[in-house]
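Scroll down for the structure; my scribbles are underneath it.
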Amino acid sequence: KMMSSRCAVTFLSATRRSKQALGVIPAETLSTFLVPTDNQCHGQSRHSIHTRTAASPAVRRLISRMKKEASLKSMSSTVAASAAQSKDTKTSGHVHPIKDQRGAEPGSGGPSMEMAKSMPLSCSEMDNTSLLTLAALDVVDARAEVLRRHIMSVDNIPYEEACAKFDEIREFNKSGMLKHTVPYKIGITSAVVGGFVSIPMCFDLNTVMWFNEAYVTADVPEPKDLETWLEVGSWAWNWMEPPLGQMSFFLLCMQFARAQLENLGIRPYTAKIKSMRAARLVKKYPDYDPNILEDYSLCVSYY
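Written out as structure tokens, the structure reads:
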């Protein structure tokens, strides 16, 4: 009796420690591993052997693995049942196409007619969020529309009157910019004229002879060495190479210097002129937000 009581107490304590692990395992599966046979007892108590077997680490690992397998099987059966139910619902003919958030029907391969008709065709038809997003990306039309709507809110006027006020601001923003474009025009003219003039000065015999007599005074080769335009170019290149090479190197150095100025945050000529124009516009119209006016003025070209 004392042995039976001691085994019973030991068994109950082991059962409490393994209660959580044994909760989801079938009884017939546990009996295979936890309950020994008569040949395994060898004269010992079946309850003591059962207790030691249930508390062993190997059995606990086995129980944990079996719990995971049981959980996976339960999930698989649930998914399979849901899929079968969905298939039955589709075949019954009661499924209606559901439009997604963009307005396109699943499987259509494109937008719906409602979505196509609601697409904005200009910045004036966009909502404020989309408009501000495009304005942040330096889109000129978007910043102009932001300024129009800002004029509407400040002056409390309809859109047509705001457009008229915007036209006035736009004309003032472009006024007085002709003198600031003179350096650009000089550079464009010089580059185009110099590029085309350099061709006859290197390969045309009459032009090369005239330039040599007027500025170079080099020895003229024999007529047999000036029969083709390549021979003329080889002779003219003796004095054309230094100025062309020097001008190319000078322009390369200027480009490098400009890039370093931009890295340092020092504004070149173009940005400086636009900043001056934006400051003038803000001073002219103090009733409106200076940031909106400045952003619009900076993104607009000279013309």
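Numbering-wise (full-length UniProt numbering), the sequence shown opens with residue 1 and increments by one.
Heads up, the beta-carbon is just placed ideally off N, CA and C, and yes, glycines get one too.
Small disclaimer: the values here were computed from a predicted structure and weren't measured.
Spanning the alpha carbons of residue 199 and residue 208 requires a straight line of approximately 10 Å. In the three-state scheme derived from DSSP, where H, G and I count as helix and E and B as strand, residue 194 is classed as helix. Fewer than three beta-carbon pairs drawn from the region 228-238 and the region 253-267 are found closer than 8 Å, and the two stretches are therefore not classed as touching.
Taking the CA atoms as reference points, residue 112 sits about 22 Å from residue 123.
By alpha-carbon distance to residue 165, the top candidate from 145, 178, 240 and 176 is 145.
With a beta-carbon spacing of about 6 Å, residue 140 and residue 300 fall inside the 8 Å limit used to define contacts. Between the C-alpha atoms of residue 244 and residue 173 there is a straight-line separation of about 40 Å. Runs of the alpha helix (DSSP H) spanning 4 or more residues and lying entirely within the region 150-188 occur at 159-174, in chain order. Taking all protein chains shown into account, residue 151 has 16 or more neighbouring C-beta atoms within 10 Å of its C-beta and is therefore buried. Every alpha helix (DSSP H) stretch that sits fully inside the region 124-151 and reaches 4 residues is listed by chain position as 128-136. For residue 169 against residue 285, the beta-carbon gap comes to about 6 Å, under 8 Å, which counts as contact.
Contact check for residue 278 against residue 297 passes: the beta carbons are separated by less than 9 Å. Runs of the alpha helix (DSSP H) spanning 4 or more residues and lying entirely within the region 223-290 occur at 229-263 and 269-284, in chain order. Residue state for residue 302 is assigned as coil, using DSSP reduced to three classes. Rounded to the nearest whole angstrom, the CA to CA distance from residue 191 to residue 219 is 30 Å.
Remark: C-beta atoms of residue 147 and residue 269 do not approach each other more closely than 9 Å. Each residue's CA atom was taken as its position, placing residue 202 and residue 224 some 18 Å apart. Here the C-alpha atom of residue 221 lies approximately 30 Å from the C-alpha atom of residue 249.
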